[in-house]
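Start counting at 1 in the sequence shown, then tack on 664, and there's your number in the numbering used here.
For glycine and all other residues, C-beta sits at the position ideal for the given N, C-alpha and C.
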Amino acid sequence: MLLDLSVLDSVMAMDLKCDEFRAYVQARGPALLRVAYQLTGHPADAEDLLQSALAKTYLAWDRIQDRTALDGYVRRAMVNINISWWRQRKLEEYPSEELPEPAPPDAHGHDEVHELLEDALSRLPARMRAAIVLRYYEDMTEPEIAETLGVSVGTVKSSMSRGMAKLRGELVPSGR
């Protein structure tokens, strides 16, 4: 039986792709999960968001020439997917007569200030929240955020300014 070398080459290339991708996810996964959590505000949603973004990244792996831009690619995918999910949920959610049961205490041990900040962030519109998370949690510049979100730098500045004003209004006691 003759072995087709093109098939062998394809298999070897797939193994290399899998190994590269696996190494990337192991190295950057925790940091990307933190970004996903800040975008969604929920641990399970963050895991789903990151998994979806990584699936898109894996499918595009061969087309991504600049491996140093992988984080930007994944962050952009997370922002796009999160906005898409937000739009879908907005269409599917309706107010109800019953109040939900209170959530159990947070098992992650976040302090009260962190919880207040996360709660305030979760109430911001998606673009404002994304701009603030990318700036202050990911330490991205305004041009990088603009590129990631697909908007102008002016829009980023406006979103961040309005978002920070809303956060201040909720978090800073009046009279200060």
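Is residue i helix, strand or coil when you go by DSSP?
{"i": "residue 724", "result": "coil"}
{"i": "residue 765", "result": "coil"}
{"i": "residue 815", "result": "coil"}
{"i": "residue 787", "result": "coil"}
{"i": "residue 807", "result": "helix"}
Between the options, which has its C-alpha nearest residue i's C-alpha?
{"i": "residue 776", "options": "732, 737, 835 and 821", "result": "835"}
{"i": "residue 837", "options": "812, 792, 818 and 780", "result": "780"}
{"i": "residue 792", "options": "699, 765 and 825", "result": "825"}
{"i": "residue 722", "options": "788, 682 and 795", "result": "682"}
{"i": "residue 800", "options": "737, 690, 731 and 828", "result": "828"}
{"i": "residue 784", "options": "740, 705 and 739", "result": "705"}
When you compare only the Cα positions, how much space is there between residue i and residue j?
{"i": "residue 786", "j": "residue 710", "result": "13 Å"}
{"i": "residue 720", "j": "residue 761", "result": "39 Å"}
{"i": "residue 726", "j": "residue 765", "result": "47 Å"}
CB residue i to CB residue j, shorter than 9 Å?
{"i": "residue 790", "j": "residue 745", "result": "no"}
{"i": "residue 693", "j": "residue 680", "result": "no"}
{"i": "residue 821", "j": "residue 806", "result": "yes"}
{"i": "residue 703", "j": "residue 815", "result": "no"}
{"i": "residue 696", "j": "residue 742", "result": "yes"}
I need the boundaries of the alpha helix (DSSP H) containing residue i, first residue and last residue.
{"i": "residue 791", "result": "790-796"}
{"i": "residue 706", "result": "First-last for residue 706: undefined, no H or E at that position."}
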